[in-house]
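Shown next, in structure tokens, is the structure this report addresses.
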Amino acid sequence: MGCENCGNGCCGGGQALLLTAAELALLRRLGETPFLPVAAAPDGKIPVYLEDRDRPGEEYAAAILGLEGKRLLRLDYDIPLGGFGYEAYGAYPLHGSMALTGRGQDVLEQIEIQGIEE
94 MGCENCGNGC
104 CGGGQALLLT
114 AAELALLRRL
124 GETPFLPVAA
134 APDGKIPVYL
144 EDRDRPGEEY
154 AAAILGLEGK
164 RLLRLDYDIP
174 LGGFGYEAYG
184 AYPLHGSMAL
194 TGRGQDVLEQ
204 IEIQGIEE
């Protein structure tokens, strides 16, 4: 996404915000569903997201970590989704949630309004 498409300073310091296709897809998914489940092994290093099967798990893990690193997503293993069945995540003892940050919401709005450069 080029800075000329980002009116709220999300590109900070004249740098373009670069998103992978998986990051963009997950960002848009979080725009539709504000909280998504996530799990991890006991060390919590690699997030696991099993709700969408469009991409391999490793690609989702990289997208989650990428969005978190760009401060667009909050990943919290201390806040599982109430009423959500984590049965599919049984092999992973950490159950939590992920959601867009305010910055993530701003970036998503700019993408929706102004589009994105390939």
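Residue numbers for the sequence shown follow the working numbering, so the first one is 94 and each next one is one higher. Using N, Cα and C, we set each Cβ at its ideal position, and we do this for glycine too. All values derive from a computational prediction rather than experimental measurement.
(message) On a Cα-Cα basis, can you pick out the residue from V200, Q207 and E180 that is closest to E144?
(response) Locating residue 144 in the sequence shown gives position 51, counting from the first residue. Per the C-alpha coordinates, the member of V200, Q207 and E180 positioned closest to E144 is E180.
(message) I need the straight-line Cα distance from M191 to G208, nearest angstrom please.
(response) Against the sequence shown, residue 191 aligns to sequence position 98. Against the sequence shown, residue 208 aligns to sequence position 115. If I take the Cα positions, the gap works out to 24 Å.
(message) With the cut-off set at 8 Å, would you say P149 and Y182 are in Cβ contact?
(response) Position 56 of the sequence shown, counted from the start, is the residue given in the question as residue 149. Position 89 of the sequence shown, counted from the start, is the residue given in the question as residue 182. Contact flag unset, no.
(message) From the DSSP secondary-structure annotation, give me the bridge partner or partners of V141.
(response) Taking the first residue of the sequence shown as 1, we reach residue 141 at position 48. Bridge partners of V141: A132.
(message) Assuming contact is defined by CB atoms lying nearer than 8 Å, are A156 and T126 in contact in what I supplied?
(response) Here residue 156 is taken as the residue at index 63 of the sequence shown, counted from 1. Here residue 126 is taken as the residue at index 33 of the sequence shown, counted from 1. Result no, Cβ atoms of A156 and T126 do not sit closer than 8 Å.
(request) Please specify which runs of the beta strand (DSSP E), each continuous and at least 3 residues long, are wholly inside the region 156–190, giving them in chain order. (result) At a cut-off of 3 residues, the continuous stretches assigned as beta strand (DSSP E) that sit fully inside the region 156–190 are 166–169.
(request) Would you tell me roughly how many angstroms separate the C-alpha atoms of E205 and I139, rounded to the nearest one? (result) For the purposes of this step, residue 205 is taken as the residue at position 112 of the sequence shown. For the purposes of this step, residue 139 is taken as the residue at position 46 of the sequence shown. Distance between the alpha carbons of E205 and I139 is about 29 Å.
(request) Give me the Cβ distance between M115 and Y185, rounded to the nearest whole Å; I'm assuming they're in contact under 8 Å. (result) Taking the sequence shown and counting its residues from 1, the one referred to as residue 115 is at position 22. Taking the sequence shown and counting its residues from 1, the one referred to as residue 185 is at position 92. Checking the sequence, you will find Ala at residue 115 rather than Met. A Cβ-Cβ separation of about 20 Å leaves A115 out of contact with Y185 under the 8 Å criterion.
(message) Please report the straight-line C-alpha distance between L166 and L193, rounded to a whole angstrom.
(response) Taking the first residue of the sequence shown as position 1, residue 166 is located at position 73. Taking the first residue of the sequence shown as position 1, residue 193 is located at position 100. Distance between the alpha carbons of L166 and L193: 4 Å.
(request) Spell out the partners DSSP gives R193 in its beta bridges. (result) As a working note, residue 193 is residue 100 in the sequence shown. It should be pointed out that residue 193 corresponds to Leu in this sequence rather than to Arg. DSSP lists L166 as partners of L193.
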